[in-house]
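A short worksheet on the structure shown next.
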Amino acid sequence: MHRNAAFPTRMAHLDGLRGVAILSVLGFHYFTCFQSIVPYGGAWAEFPLFRWGYLGVYLFFAISGFVIAMTLERCTGLEEFAVRRLARLWPTMLLCSLLSYATLSLLPSPWPPKPADFLPSLSFIDGFVWNKLIPGLDAGWIDVAYWSLFVEVRFYALAALLWFASPRLFAPLFFGLSTAVVGLYALLYVAGLGLRAEWLQWAFAAKFLPWFVVGVAARLVALGRRRLGVIGMGLAALQTVFLLCIDDPKAHLVALVAVMSLMLGPLVSARLSQWLGARWLAAVGAASYSLYLLHQYAGLAIVGALSHAAGLKGSAALPMALGVAVACTGLAHAIYRHWECPMNHRLVRGYAGWRRGRRARRLVSADGTAVARARPGGLIGGLGPAFALFTLPLAAAVWILRRARWG
3 MHRNAAFPTR MAHLDGLRGV AILSVLGFHY FTCFQSIVPY GGAWAEFPLF RWGYLGVYLF
63 FAISGFVIAM TLERCTGLEE FAVRRLARLW PTMLLCSLLS YATLSLLPSP WPPKPADFLP
123 SLSFIDGFVW NKLIPGLDAG WIDVAYWSLF VEVRFYALAA LLWFASPRLF APLFFGLSTA
183 VVGLYALLYV AGLGLRAEWL QWAFAAKFLP WFVVGVAARL VALGRRRLGV IGMGLAALQT
243 VFLLCIDDPK AHLVALVAVM SLMLGPLVSA RLSQWLGARW LAAVGAASYS LYLLHQYAGL
303 AIVGALSHAA GLKGSAALPM ALGVAVACTG LAHAIYRHWE CPMNHRLVRG YAGWRRGRRA
363 RRLVSADGTA VARARPGGLI GGLGPAFALF TLPLAAAVWI LRRARWG
């Protein structure tokens with residue numbers, strides 16, 4: 003398992019997997035999803051890599067399972083984990099939301115944004131929740147592609163709570179709980195109790211738990227805990243079977259085989275790991291978060307505007323889509339190098355310095371006498387600060403919006 007030469011702190015094959023995922027999703031959005039909107043229609047819509055490209059989101063979820071398990075191993079408490087996740091996600095979401103909002107406000111498109119749309123986008127919480135909290139708000143995602151981040155943060159919360167409750171039993175607890183949740187979710191649907199089943203979807207992102215299980219299981223295999231990793235893969239397959247009674251069976255089976263192969267392949271095949279770590283693919287994967295946030299609504303609005311200005315229609319507009327996709331990738335890479343990484347490092351370093359100072363103040367009195375022990379770093383020690391870190395900004399936003407009457 004080798005490192006990305008361009009970004010030496012990252013695993014190259016993971017960035018390569020991110021590259022595969024984002025290119026699949028981009029192809030689906032540009033060539034299959036919006037056939038009635040794009041100037042080239044469905045010219046490439048049935049190309050298999052584009053038609054099935056939405057399954058790349060499932061690969062993203064599996065990668066998150068792997069990476070979050072790895073991140074939790076390095077964190078001393080829930081507070082540190084929450085800070086690291088926010089530092090990784092929020093600055094880039096802020097910048098890309100602003101860029102998308104500006105683009106969609108300036109160019110004609112079917113997706114005009116509203117100021118209230120910043121609230122779901124910057125909180126990673128679906129607009130449905132905010133609209134219930136604030137009647138008349140009518141908020142949605144600035145770009146509907148952001149829906150997957152709401153799934154991600156629910157997994158982060160579940161994984162962190164289980165890990166800091168018992169690091170040693172994290173994997174068995176997660177595998178068992180996810181299997182129970184998905185099984186109950188499917189059972190309620192089969193019994194005609196779909197509305198009750200949706201509570202499990204809202205609380206646990208039940209439909210997407212199998213993909214996170216695949217990622218956690220792959221992490222166990224990478225650590226040499228192959229027996230438990232294989233059990234996890236088997237339970238992910240069982241959960242997928244549960245879901246066959248709800249969603250498209252063919253898509254789930256294709257995704258299951260593809261995602262498991264891609265997650266496990268680089269761990270057992272040096273050649274596949276090297277191929278996925280190719281510099282160009284790893285570079286695309288490293289910038290995949292920014293590219294995911296920018297490519298869909300803003301990118302397609304630019305494709306439409308440029309094609310209209312050049313008088314291009316049908317297949318003649320396809321090169322324009324490819325050009326915009328390349329431009330979005332270049333912009334995303336620049337954001338990654340000059341915004342995402344620096345802001346992430348700055349926030350994490352700032353938190354580490356503040357934490358060291360806080361511990362020193364708690365351990366030493368004014369005359370140099372030890373007065374107290376530092377707060378424990380486990381679940382209880384980090385729960386209060388982490389809860390405040392997530393909820394206080396959101397509570398402030400709710401108060402501001404209630405006062406301003408946005409809608």
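Going by the numbering used here, the first residue of the sequence shown is number 3, and it counts up by one from there.
For every residue, glycine included, the Cβ atom is placed at its ideal position computed from N, Cα and C.
Please read these numbers as outputs of a predicted model, since none were measured by experiment.
Review point. What's the call for residue 145, buried or exposed, on a 16-neighbour Cβ count within 10 Å?
Key: As a first step, residue 145 must be located in the sequence shown, where it is residue number 143. Residue 145 is buried by the Cβ-count criterion.
| message | List, from N- to C-terminal side, the alpha helix (DSSP H) runs of 4 residues or more that fit wholly inside the region 145–191. | response | 149–167, all fully within the region 145–191.
Exercise for the section: At 4 residues or longer, and completely inside the region 85–125: list those alpha helix (DSSP H) runs for me, N to C. Expected result: Counting only runs of 4 or more, we get 120–125.
Is there contact here, the region 91–105 with the region 288–306, by at least three beta-carbon pairs under 8 Å?
-> By the C-beta criterion, the region 91–105 is judged to be in contact with the region 288–306, since at least 3 inter-stretch pairs fall below 8 Å.
Determine whether the beta carbon atoms of residue 29 and residue 52 lie at a separation below 7 Å. Here residue 29 corresponds to residue number 27 of the sequence shown, with the count starting at 1. Here residue 52 corresponds to residue number 50 of the sequence shown, with the count starting at 1. A contact, by the Cβ cut-off of 7 Å.
Inset, instruction - With a threshold of 16 other CB atoms inside 10 Å of the CB of residue 128, please say whether the residue is buried or exposed. - result: Taking the first residue of the sequence shown as 1, we reach residue 128 at position 126. When all chains shown are included, residue 128 counts as buried.
**Study point:** Residues bridged to residue 262 (per DSSP)
**Key:** For the purposes of this step, residue 262 is taken as the residue at position 260 of the sequence shown. None, per the DSSP bridge assignment.
Residue 190 versus residue 156: straight-line alpha-carbon distance, rounded
Here residue 190 is taken as the residue at index 188 of the sequence shown, counted from 1. Here residue 156 is taken as the residue at index 154 of the sequence shown, counted from 1. Those two C-alpha atoms are separated by around 21 Å.
Among 232, 34, 259 and 220, whose alpha-carbon lies nearest the alpha-carbon of residue 243? Translated into the one-based positions of the sequence shown, residue 243 becomes position 241. Taking only the C-alpha atoms, the option nearest residue 243 is 259.
Anticipated Cβ contact below 8 Å, residue 166 with residue 234, distance rounded | Here the question's residue 166 lines up with position 164 in the sequence shown. Here the question's residue 234 lines up with position 232 in the sequence shown. Not confirmed; about 20 Å, so no contact.
Among the residues of its own chain, which have a CB less than 6 Å from the CB of residue 17, if the five just before and after it don't count? The residue given as residue 17 occupies position 15 in the sequence shown. Closer than 6 Å at the Cβ level, and outside the excluded window around residue 17, lie 6, 284, 287 and 288.
key: Where residue 48 falls, given that 16 or more other Cβ within 10 Å makes a residue buried   = Counting from 1 along the sequence shown, the entry for residue 48 is found at position 46. Exposed, by the Cβ-count rule.
| request: Would you identify the three-state DSSP class for residue 339, choosing helix, strand or coil? | output: If you number the sequence shown from 1, residue 339 lands on position 337. Shown here, residue 339 sits in a helix according to DSSP, grouped into three states.
Confirm, please, whether the CB-CB distance from residue 55 to residue 85 is below 7 Å.
What you label residue 85 is simply residue 83 of the sequence shown in a count that begins at 1. What you label residue 55 is simply residue 53 of the sequence shown in a count that begins at 1. Against a cut-off of 7 Å, the Cβ pair of residue 55 and residue 85 comes out as no contact.
- Under 7 Å Cβ to Cβ from residue 61, same chain only, skipping five residues before and after it: list those, please. Here residue 61 refers to the residue found at position 59 when the sequence shown is read from its first residue. If you ignore the 5 residues before and after residue 61, its C-beta comes within less than 7 Å of the C-beta of 19, 22, 23, 261 and 264, all in its own chain and listed in chain order.
Alpha carbon of residue 280 to alpha carbon of residue 296, nearest angstrom
For the purposes of this step, residue 280 is identified with residue 278 of the sequence shown, where counting begins at 1. For the purposes of this step, residue 296 is identified with residue 294 of the sequence shown, where counting begins at 1. Rounded to the nearest whole angstrom, the C-alpha separation of residue 280 and residue 296 is 24 Å.
(request) Using only alpha-carbon positions, find the residue among 266, 117, 178 and 147 that is nearest to residue 139. (result) Translated into the one-based positions of the sequence shown, residue 139 becomes position 137. Cα-wise, what sits closest to residue 139 is 117.
Check: Which value, in whole angstroms, describes the spacing of the CA atoms of residue 135 and residue 206?
Finding: Locating residue 135 in the sequence shown gives position 133, counting from the first residue. Locating residue 206 in the sequence shown gives position 204, counting from the first residue. Each residue's Cα considered, the two are about 20 Å apart.
Who are the Cβ neighbours of residue 208 in its own chain at under 7 Å, not counting the five residues just before and after it? Translated into positions along the sequence shown, residue 208 becomes position 206. Same-chain partners within the cutoff: 183, 184, 187 and 202.
_Contact criterion: CB-CB distance below 7 Å. Does residue 181 meet it with respect to chain C?_
Judged by its chain identifiers, the structure shown contains no chain C, having just a single protein chain.
Coil, strand or helix - residue 143 by DSSP: Position 141 of the sequence shown, counted from the first residue, corresponds to residue 143. Note: residue 143 maps to coil in three-state DSSP.
Please classify residue 268 as buried or exposed, where buried requires at least 16 other C-beta atoms within 10 Å of its C-beta. Residue mapping note: residue 268 aligns to position 266 of the sequence shown, counting from 1. Burial call: buried.
Worksheet item: Does the Cβ of residue 213 have 16 or more other Cβ atoms within 10 Å, making it buried, or fewer, making it exposed?
Response: Mapped onto the sequence shown, residue 213 falls at position 211. Flag for residue 213 reads buried.
Give me, in chain order, the residues of the same chain whose beta-carbon lies closer than 6 Å to that of residue 73; leave out the 5 immediate sequence neighbours on both sides. In the sequence shown, the residue the question calls residue 73 occupies position 71. Nothing meets the Cβ criterion.
**Message:** Closest to residue 161 by C-alpha separation, out of 89, 211 and 348, would be which residue?
**Reply:** Position 159 of the sequence shown holds residue 161. Restricting attention to 89, 211 and 348, the CA atom closest to the CA of residue 161 is found in 211.
Item to check | Opening and closing residue of the alpha helix (DSSP H) in which residue 315 lies | outcome: As a working note, residue 315 is residue 313 in the sequence shown. Unbroken run through residue 315: none, as it is neither H nor E.
### Task
Can you grab the Cα-Cα spacing for the pair residue 15 / residue 277, in whole Å?
Working through the sequence shown from its first residue, we reach residue 15 at position 13. Working through the sequence shown from its first residue, we reach residue 277 at position 275. In this structure, the CA atom of residue 15 is about 8 Å from the CA atom of residue 277.
Using only the alpha-carbon positions, how far apart do residue 370 and residue 352 sit? If you number the sequence shown from 1, residue 370 lands on position 368. If you number the sequence shown from 1, residue 352 lands on position 350. Low confidence applies to residue 370: its pLDDT is 45, below 50, so where it sits in the model is not reliable, and the reading given next is rough at best. Roughly 25 Å separates the two Cα atoms.
**Prompt:** CA-CA distance, residue 432 and residue 37?
**Reply:** Any property of residue 432 remains undetermined from this structure, which presents the chain solely from 3 to 409.
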